[in-house]
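Enquirer: Each protein sequence line maps, in turn, to chains P and G. Taken in order, the first sequence gives residues -1 to 306; the numbers are from our numbering. Taken in order, the second sequence gives residues -1 to 306; the numbers are from our numbering. A virtual CB, placed ideally from N, CA and C, is assigned to each residue, including glycine.
There are 2 protein chains.
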Amino acid sequence: MACDKCFEKPVIKVTGSENSFCKACFFKYFEKKVKKTITKYNLIEKNDHIIVAVSGGKDSTVLLNLLVKVLKGRDDVKITALAIDEGIKGYRDKSLEHIKKICEDLKVELKLFSYEKEFGKSLDEILKTYKGIPCSVCGVFRRYLLNKKSKEIGGNKLATGHNMDDEAQTILMNNFRNNIKVSARMGPITGIISDKRFIKRIKPLYFLTEKEITSYAYLKGLMDKFNECPHDSDSYRAQVRDMLNDFEAKYEGTKNGIITAFLEILPLLKKHYKEEEFDEIQNCKICEEPCSGEICKACTFVEKVIKN
Amino acid sequence: MACDKCFEKPVIKVTGSENSFCKACFFKYFEKKVKKTITKYNLIEKNDHIIVAVSGGKDSTVLLNLLVKVLKGRDDVKITALAIDEGIKGYRDKSLEHIKKICEDLKVELKLFSYEKEFGKSLDEILKTYKGIPCSVCGVFRRYLLNKKSKEIGGNKLATGHNMDDEAQTILMNNFRNNIKVSARMGPITGIISDKRFIKRIKPLYFLTEKEITSYAYLKGLMDKFNECPHDSDSYRAQVRDMLNDFEAKYEGTKNGIITAFLEILPLLKKHYKEEEFDEIQNCKICEEPCSGEICKACTFVEKVIKN
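1. Quick one: what does DSSP say LYS155(P) is sitting in, helix, strand or coil?
2. Can you name the residues of chain P whose CB is closer than 8 Å to the CB of THR258(G)?
3. Check the C-beta distance from LEU110(G) over to ALA81(G) and give it rounded, since I have them as a contact under 8 Å.
4. Between ARG195(P), ARG235(P), ASP230(P), which lies nearest to ARG175(P) when the distance is taken from Cα to Cα?
5. Just the C-alpha distance for ASN306(G) and VAL50(G), rounded to the nearest angstrom, thanks.
6. Can you check which of these residues, ASN154(G), LYS146(G), GLY54(G), is closest to ARG90(G) by C-alpha distance?
7. With a cut-off of 8 Å on the beta carbons, I'd call LYS33(P) and ALA215(P) a contact; round off their distance for me.
8. Please list the terminal residues of the continuous beta strand (DSSP E) segment that includes HIS160(G).
9. Please list, in chain order, the chain P residues whose beta carbon lies closer than 7 Å to that of MET310(G).
10. Is DSSP giving ALA79(P) helix, strand or coil here?
11. Output the distance between the C-alpha atoms of HIS270(P) and ASP46(G), rounded to the nearest integer angstrom.
12. By DSSP, does PRO132(G) sit in helix, in strand, or in coil?
13. Nearer than 7 Å: is that true of the beta carbon of GLY219(G) relative to any heavy atom of the ligand NAP?
14. So, is the C-beta of MET241(G) closer than 8 Å to a C-beta in chain B?
15. Would you say PHE139(P) faces chain G, with C-beta separation under 8 Å as the test?
16. In chain order, what residues of the same chain lie with their CB nearer than 6 Å to the CB of GLU16(G), ignoring the 5 residues before and after it?
17. At a CB-CB cut-off below 9 Å, which residues of chain P make contact with LEU267(G)?
18. Just the chain P side, please: which residues come within less than 7 Å of HIS270(G) by C-beta, in chain order?
19. Going along chain G, which residues have a C-beta under 7 Å from THR252(P)?
20. Between GLU107(G), LYS146(G), ASN281(G), ILE169(G), which lies nearest to ALA79(G) when the distance is taken from Cα to Cα?
21. Name the chain G residues whose beta carbon is nearer than 7 Å to that of PHE245(P)?
22. Taking the CB atoms as reference points, tell me whether VAL9(G) and PHE25(G) lie closer together than 8 Å.
23. My output table needs one value for LYS109(P): the three-state DSSP class, helix, strand or coil.
24. Excluding the 5 residues preceding and the 5 following GLY76(P) in the sequence, name in chain order all residues of the same chain whose CB lies nearer than 6 Å to its CB.
25. Under 8 Å Cβ to Cβ from GLU292(G), same chain only, skipping five residues before and after it: list those, please.
26. For my contact list, LYS295(G) and VAL138(G) are in at a C-beta cut-off of 8 Å; report their separation, rounded to the angstrom.
27. Can you tell me which of the three DSSP states THR188(G) falls into?
28. Determine the contact status of GLU208(G) and PHE28(G), defining contact as a CB-CB distance below 8 Å.
29. Under 8 Å, CB to CB, which of the residues in the segment 110 to 130 of chain G have a partner in chain P?
30. Mind checking which residues open and close the alpha helix (DSSP H) that includes VAL180(G)?
31. Using the beta-carbon of each residue, which ones in chain G are nearer than 8 Å to GLY14(P)?
32. Can you name the residues of chain P whose CB is closer than 8 Å to the CB of GLY185(G)?
33. If you pair each beta-carbon of the segment 252 to 260 of chain P with each one of the segment 163 to 173 of chain P, do three or more pairs fall below 8 Å?
34. I'd like the ranges of any beta strand (DSSP E) spanning at least 3 consecutive residues and lying wholly in the segment 215 to 260 of chain P.
35. Between GLY255(G) and chain P, is any beta-carbon pair separated by less than 8 Å?
36. Between GLU114(P), ALA259(P), LEU65(P), which lies nearest to SER181(G) when the distance is taken from Cα to Cα?
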């Protein structure tokens, strides 16, 4: 058995017809896919300032490495890394070291924002009194800071490490829970184009599976310091993920089928839900960030959970 | 614990907020849901001649019973039962007795068509030489006869026993396999409205789960003679079914979420795929029935599998 592209020994099988690759041909396949996604969906344009959300995990590490590589020599496009320090001892402190080292190696400026400074308390402190699901408060704060800080830094796009598995899971979760309207805001590039209060989000790893990204990170030697958030408890997503992995193992191409079918109807969804979406967006009366009610979710949490 | 509607002892739990029902209140709930589906989606109109596809299974047995009940006194609407005899010894011969008895009891005329007479051979005979999956040839023949014979009998609508489980499974299967275009032809009422070559299909049990229909059939004493086709081998559907049952057990309302989300986007799909669909439909050069190529799938099978 040889690599489908050359005569070397294959190290990985990916989905598709030509699917056994040696290390070098896998890197080519992987990087070509990222470039194709960027070109097809116009993810990067002249004079962009791209903020890359980095968590220290495999997806965002691979993303930052590849964006730097792809944009080498493009003096008109600027990259800044953005990390959020939730304040989780034993996890974030370790991954922050990793993030700092990566950014140093790649010569990318890193902007760091913490819950403690922005909201008054670290997540560890919040959880001493808050007894809800950690991810519910943390998710609100993280999304809030990613949008607000990306704009403050002067970015016009936020690149995230979302991959095919993440997207296929979210599509199904939205179907199972009758949240189809939320799906209208998904895809390789998202954001209400004519509303500058929301930064556009781009997902260059959209067409790559988790397995492919993990393999790429491992084969490129980017894997050694990854660890997982101790509060990772989204059991619903975990069950959808396990189910999808089962189907993919039995019926190769299932994840790809889901996102391809979704991308076919996405323009219809975007068109249909656009007006409705515009109507709902106001500005928070406390922080002036965009929100669907009078007070945004982040300020509501600060008032209820942190100040009390 | 009492029934959520009265003070009797409950016999079943259904999804939703008021969900524990005694026998009488469950019958009311069930029949009200069917009536509401018929009204909301305009499944039955003045002067309709409705052909009911009966297999002898629980779904079509419940369907025929309910349609007769709902349409009692409506002299303008005619019902005819249509059964297909594939020629499967030990299965269809038994269920045909059941079908004949039901139709006799309900005073509904039964029209019976067999593969042997229509195509020259019974399924049992076909399978002596045909080595493909039985369901692939049988499904083509059955769908072909249902459409053609319904029109010949003079019907303008074909009622089938498809339930919420069937529909949720098909929606997901189409998503997983990137067949979203096929989904545009689904819903409680289907058929290309301005193309008389296709009979409109109606699904009055659309919003009822398999569990509810089985319970209704059992509690109404309609259950005793059901058996299953020995060739039932759609393992892909079976796996999607098992997975959905698992999710429903853990996250009540999953199936309902899937069809509700789907019905929200269905008008967009129908509008989008309509023109494309019209372009593709020709008439078979052998039998003149509508098809997507020059020769329809049924005639292709007759030429390849039966005549050779």
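Expert: According to the structure data:
1. In the structure shown, LYS155(P) falls within a strand segment according to DSSP collapsed to helix, strand and coil.
2. Here the neighbours are ASN176.
3. The C-beta separation of LEU110(G) from ALA81(G) comes to about 5 Å, placing the pair in contact by the 8 Å criterion.
4. Per the Cα distances, ARG235(P).
5. Distance between the alpha carbons of ASN306(G) and VAL50(G) is about 34 Å.
6. Ranking ASN154(G), LYS146(G), GLY54(G) by Cα distance to ARG90(G) puts GLY54(G) first.
7. Your pair LYS33(P) and ALA215(P) does not check out as a contact, with CB atoms roughly 18 Å apart and the cut at 8 Å.
8. Run containing HIS160(G): none; DSSP gives neither H nor E here.
9. This structure cannot speak to residue 310(G), because chain G is shown only from -1 to 306.
10. Strand, per DSSP.
11. Across the structure, HIS270(P) and ASP46(G) are spaced so that their CA atoms are roughly 34 Å apart.
12. When secondary structure is reduced to three states using DSSP, PRO132(G) falls in the helix class.
13. No copy of the ligand NAP appears in this structure; indeed no ligand is present at all.
14. No chain B is part of this structure, whose protein chains are labelled P and G.
15. Taking Cβ atoms only, chain G never reaches closer than 8 Å to PHE139(P), which makes this a no.
16. Result list for GLU16(G): ASP2, in chain order.
17. Those are ILE263, LEU266, listed as they occur along chain P.
18. Within 7 Å Cβ-Cβ: LEU266.
19. In chain order, PHE174 make up the part of chain G whose C-beta sits under 7 Å from the C-beta of THR252(P).
20. Nearest of GLU107(G), LYS146(G), ASN281(G), ILE169(G) to ALA79(G), Cα basis: GLU107(G).
21. The answer, in chain order, is PHE174.
22. Going by C-beta atoms, VAL9(G) is not nearer than 8 Å to PHE25(G).
23. If DSSP states are grouped into helix, strand and coil, LYS109(P) belongs with the strands.
24. For the record, residue 76(P) in the displayed sequence is Lys; it is not Gly. If we look at LYS76(P) and ignore the five residues flanking it on each side, its Cβ neighbours are HIS47.
25. In the same chain as GLU292(G), and ignoring 5 residues on each side of it, the C-beta atoms closer than 8 Å to its own belong to GLN280, CYS282, LYS283, in chain order.
26. Contact between LYS295(G) and VAL138(G) holds: CB atoms are separated by about 5 Å, below the 8 Å threshold.
27. Correct three-state label for THR188(G): strand.
28. Against a cut-off of 8 Å, the Cβ pair of PHE28(G) and GLU208(G) comes out as no contact.
29. Per Cβ criterion, the list is empty.
30. Start and end: 178 to 181.
31. Listed along chain G is no residue with a C-beta nearer than 8 Å to that of GLY14(P); the closest approach is about 14 Å.
32. Chain P residues near GLY185(G): none, gap ~15 Å exceeds 8 Å.
33. By the Cβ rule, the segment 252 to 260 of chain P counts as touching the segment 163 to 173 of chain P, because three or more pairs are nearer than 8 Å.
34. List check, beta strand (DSSP E) in window: nothing returned.
35. By this cut-off, GLY255(G) is an interface position.
36. Residue nearest to SER181(G) within the set GLU114(P), ALA259(P), LEU65(P) is ALA259(P) (criterion: CA-CA distance).
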